[in-house]
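The listed protein sequences correspond, in order, to chains A and B. Numbering-wise, this note's numbering comes out as the position in the first sequence, counting from 1, plus 8. Reminder that position 405 of the second sequence reads as 388 in this note's numbering, one-by-one numbering, no gaps. Glycine residues also receive a C-beta, built at the ideal position from the N, C-alpha and C atoms. Inspection log for the structure reproduced underneath, given as structure tokens.
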Amino acid sequence: MVDTLETQHAEKTVYHPVSQDGAIKVATRAVNVLYGDKHAIIDVTADIPDRAVTSLIGPSGCGKSTYLRCINRMNDTIDTARVAGSVTIDGEEVNDRSVDPVLLRARVGMVFQKPNPFPKSIYENVAYGPRIHGLAATPDELDEIVRTSLEKAGLWDEVADRLAQPGTSLSGGQQQRLTIARAIAVNPEVILMDEPCSALDPIATARIEELIDELRENYAIIMVTHSMAQAARVSQMTAFFHLGKLVEYGPTEEIFTNPRDQRTQDYITGRFG
Amino acid sequence: MTEPQRDIRQAVRRRLARRHRAERRFQAYGVAALAAAGLFLVLLLGSIAIQSAPAITQHKLTLPVEITAELADPRGDLSEASLRRGSYNTLIQNALREQFPTVAERAELRELFGLYSGVNAARLLNRVASAPELVGGRVEFTFPISDDADLYLKGVTVRERIQPGLAPIAISAEDTDRWRLVSDTPVFAEILVETRQALSVEAAGLERRRDDAVERAEAARDEDARRAASATAERLDAQLQRLRIQAQPDQALQLGPTTKSVLVQVGDGVYRLTGIGADGASASAQRLIGEVSAGAVSDWRLWTVLTPPTARLISDRQIAWARALSDRGLVENGFNTILFTRADSREPELAGVLGAIIGSVLTMVITMLLAVPVGVGTAIYLEEYAPKNRLTDLIEVNINNLAAVPSIVFGLLGLAVFINLFGMPRSAPLTGGMVLALMTLPTVIISSRAALRAVPPSIREAALGVGASHTQAVFHHVLPMAMPGILTGSIIGLAQALGETAPLLMIGMVAFIADAPALGFGGFTDAATVMPVQIFLWSSGAERAFEARTAAAILVLLAMMLSFNAVAIYLRRRFERRW
């Protein structure tokens, strides 16, 4: 079925030359996802660079989140979802049967749209990942991981004296930084963010954007966003999705200043979306 | 404002009043429903509490009992075996005879010994057996008085009136058991008038019934019916004539078992009037209890027992004895500890709910150990792991159907499978608990699944996102969050099982169990009963005293339910996490 679809959608994605300074971290080839009968994404092929922020933009329901969930195989948790095509991280096939999704998700952290800390203490929220993966041999090591993760997420100064309080007692922006700390505590290579700021106020958003910019130095970050301003501010690469297809992909500057596809042009100038 | 805008506003305003009215009406319905529910709850609890009042206290008799060696220790060696062969009931009987030395006739003695239950002798035996040095001495032995005497002393079953004698009376013997009471003033006139009034009311009723019978006889088509009706009419007519003669003011009044009992108390002695002279100043009487006291007395009491002997289970003589024992300070009304420290008994005064409470606790332990882990496990599997296909759909539909199956069907299943096929003990908490677990399982599964489904998916995603396996996500995050709901559902299911009677009927837990099951592992296979079944059994008990005990047992069961629910609320608070 996927083969026939491939021929149906003959029109090809517009690629800008990908900047050569970053190595390719994630590569997807002809990725298709079906939710039951609904063809959510069609033949998405893209190379995502390491140590950079890649934004996925596009109108609601265009398949950006679905594409994001292909990278850490979160679509496995949906009974009706079927995934075809190839996703590789550092050249390793993600969809291979031999790959354990649990191990994969330790390598690919995820931050969700709505801040979703566990209803446990702040410390436990961050310590949970390292603990189930056995990353710390002693309690002191675990304390250290929690501390550095919170520091990297820029939350340490605010919560250092109340680590035992429930994570849900924090403000929305703090909660989202907590979930980022939780994601980086297991030392992933890629961080997926699904509209991480859409539930936050502008000040908290600015804080998270700063954080994302800092994290870029160590991780490949792939972020879904509805805010074109945010994509322009934070990301180095931008991909525009429309109706399940990757329409245009390239360095952010070029997408925003010199889009080659009419649909991209219309979207970023606010004519639809 | 433009014309169309004004029209819209008016239309909205017109509808607005109606919308507000609808809202107020709906709120009023809600308040009315709540008020009605509250009223019925108060009525229910109030009526149960009032009905149970006579069972909360109990009259106990304390008698000095002489432990004579020949009766208590027939072999004379003070050995346990010898003591256990003693006639301890005779000792209690002797102690009671000591109180009323004039009682000699067999029939009268039987009446006297009807004031208590012979079962009490076992307690006296145990006391003496554990302290053989008591043989030959006297002990103060306290035991509950019979249920009929207890209810009489509480004023529940018998209405009576005690007045001081108006004028001195002279008592003289007519023959061996007939006495004559004469006064120079009509001291019995009031009773005469009252009784005659009652008689004429009764006569009016009889007359109506006779006239009905006569009419029936005239209207009857066949010979048999006519003859039966006229026989009834004749019988009623005869009764009516007798009553009319009695009710005539110039006739002496005969008092019998269907009229109220009129007693005259003189010191220790009590006389029962058998007839009152037409003048109201003289009467014939029988001596019920006490010493012969012929002569003139001025200090006497007129004691009218308004409830006629045929309408009560305690005789005039027993009333007189009970009152005499009470006057001597030998009877004390105290908290009914027996109700809470003993198992069931045929004698209401010795019956308690302890056996049923232990039975209920043991049964609930089995039900909980089976239904909760199996039910929650099933719910987790179905909700989190099972593929969604025809088979799981079928299973789900059947679980929902099982929740609606009448509970007695589970009892039949238990009888057929557990008892007949597996040969498990009947009437045992183990079997009962298993049957109730089957009944509770669907409730636990359905509520646990609902609780698991209510956990926001973001929690699952968060756990999976940091690399938790499916099982870790379920057990570390989803299950703890669903715990309050699971606990609430499980406890509702268990509370339902606690109040269940029907399935236990089938497996023989409706039995008279006079011994409480052991509180321990052995208890699970002992014959036992449970609280609702105990209530069911008592509610059909013939003795009047079981009525109050039924209500008291209902209160105990309600208290058990409430404490169950209190535990549920506590656990829910404990496990609840803010989200």
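is_contact[residue i, chain A] using C-beta, thresh 7 Å
i	result
residue 557(B)	no
residue 449(B)	yes
residue 465(B)	no
residue 523(B)	no
residue 445(B)	yes
residue 455(B)	yes
For residue i, three-class secondary structure by DSSP
i	result
residue 250(A)	strand
residue 62(B)	coil
residue 283(B)	coil
residue 126(A)	coil
residue 55(A)	strand
residue 166(A)	helix
residue 401(B)	helix
residue 124(B)	strand
residue 355(B)	helix
residue 244(B)	strand
residue 40(A)	strand
residue 558(B)	helix
residue 48(A)	strand
residue 62(A)	strand
residue 268(A)	coil
residue 439(B)	coil
residue 265(B)	strand
residue 71(B)	helix
residue 25(B)	helix
residue 425(B)	helix
Beta-ladder partner(s) of residue i, from DSSP
i	result
residue 258(A)	246(A)
residue 270(B)	254(B)
residue 316(B)	42(B)
residue 96(A)	35(A), 101(A)
residue 237(B)	258(B)
residue 146(B)	285(B)
residue 278(B)	154(B)
residue 22(A)	256(A)
Residue i burial status per 10 Å Cβ neighbour count (16 or more: buried)
i	result
residue 420(B)	buried
residue 27(B)	exposed
residue 550(B)	exposed
residue 368(B)	exposed
residue 75(A)	buried
residue 12(A)	Annotation note: pLDDT 42 at residue 12(A) (below 50); position unreliable, coordinate value reported separately. Flag for residue 12(A) reads exposed.
residue 249(A)	buried
residue 47(B)	exposed
residue 170(A)	exposed
residue 71(B)	buried
residue 87(A)	exposed
residue 14(B)	exposed
residue 8(B)	exposed
residue 553(B)	exposed
residue 93(B)	exposed
Residue i - containing alpha helix (DSSP H), residue span
i	result
residue 133(B)	130 to 136
residue 113(B)	104 to 113
residue 194(B)	172 to 202
residue 380(B)	373 to 386
Cβ of residue i within 7 Å of any chain B Cβ
i	result
residue 172(A)	no
residue 140(A)	yes
residue 1(A)	Examination of residue 1(A) is not possible in this model, given that chain A is present from 9 through 281 alone.
residue 107(A)	no
residue 35(A)	no
residue 224(A)	no
residue 190(A)	yes
residue 118(A)	yes
residue 194(A)	yes
residue 135(A)	no
residue 110(A)	yes
Continuous beta strand (DSSP E) stretch holding residue i: start and end
i	result
residue 165(B)	161 to 166
residue 202(A)	198 to 202
residue 225(A)	Note, residue 225(A): premise wrong, no beta strand (DSSP E); not H, not E.
residue 156(B)	152 to 158
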